[in-house]
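Residue numbers (the working numbering): -9 to 156. The beta carbon of each residue, even a glycine, is placed where N, CA and C say it ideally should be. See below for the structure under consideration.
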Amino acid sequence: MNKKNDVKETPLDKAIDDVSEGINDAEPVFPEQKDPVEESNGKQAVRYLLWGIISVIVNFGTFFILYHMFHLNYQFANIIAWFLGVQVGFWVDRIIVFRHKSNTALAEMLVFYGTRILTYLIESATLWVGISLLSANGTGSKIVGQILAIIGNYILSKFFIFKNRH
């Protein structure tokens, strides 16, 4: 004789069995995403601007300290500020802004630095024109250069570095 038939099933046992069967038959609560969710360019741009402030603060703060407080040459101060800002920017963009997941972080970092060289040259040219040719304020020239770099960096990151490839 079957043991289950010998034991009288209580209402609690029946309820537990019903719940167990329901759990076993249910679909996962958080289904696995096979394709990345496409989000609007506007949301990414807003995140880029808001979170990008961190790398701008690192870049601008380093430049300010080196140029104004330590009186280093503006181009030397700018290259150090650029390097630190790019390193912070890479991780912020990869993890927070574009929510990019891959096993190729080092390769992406090399491409990231490559594209940032282009916008660094734009920023350096802006500083040179502003400070050396126009005798303008170094801080104001840096701000103009940063604005141009931010626009270029967003476009290059969005469409070349952290592009989700299906």
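| Query | Result |
| --- | --- |
| Should the segment 104 to 119 be called in touch with the segment 83 to 90, which here means at least 3 C-beta pairs below 8 Å? | no |
| Give me the Cα-Cα distance between residue 116 and residue 150, rounded to the nearest whole angstrom. | 24 Å |
| Between residue 53 and residue 71, how many whole angstroms is the CB-CB distance? I'm expecting something under 8 Å. | 4 Å |
| Does DSSP classify residue 0 as helix, strand or coil? | coil |
| For residue 97, which of helix, strand or coil comes out of DSSP? | helix |
| Go through its chain and collect everything with a Cβ distance to residue 45's Cβ below 8 Å, but skip five positions before and after it. | 75, 76, 78, 79, 82 |
| Rounded to the nearest angstrom, how far is the Cβ of residue 146 from that of residue 105, given a contact under 8 Å? | 4 Å |
| Could you check which residue in 100, 63, 49, 35 has the C-alpha nearest to that of residue 122? | 63 |
| With residue 41 as the anchor, note down where its alpha helix (DSSP H) starts and where it stops. | 31 to 54 |
| Distance, Cα to Cα, residue 20 vs residue -1? | Reliability fails at residue 20, whose pLDDT of 35 lies under 50, so the model's placement of it is uncertain and the value that follows must be treated cautiously. Looking at the two C-alpha atoms, the distance is approximately 34 Å. |
| Go ahead and pull the three-state DSSP assignment for residue 127. | coil |
| Leaving aside the five residues before and after residue 102 along the sequence, list all residues of the same chain whose C-beta is less than 6 Å from its C-beta, in chain order. | 80, 151 |
| Within 7 Å: the Cβ of residue 38 and any heavy atom of the ligand FMN? | Of the ligands one can find in the structure shown there are none, so the ligand FMN has no counterpart to examine. |
| Threshold first: 3 residues or longer. Then list the beta strand (DSSP E) segments lying entirely within the segment 61 to 119, N to C. | none |
| Could you say which of 50, 3, 36 lies nearest to residue 132 if we only look at CA atoms? | 50 |
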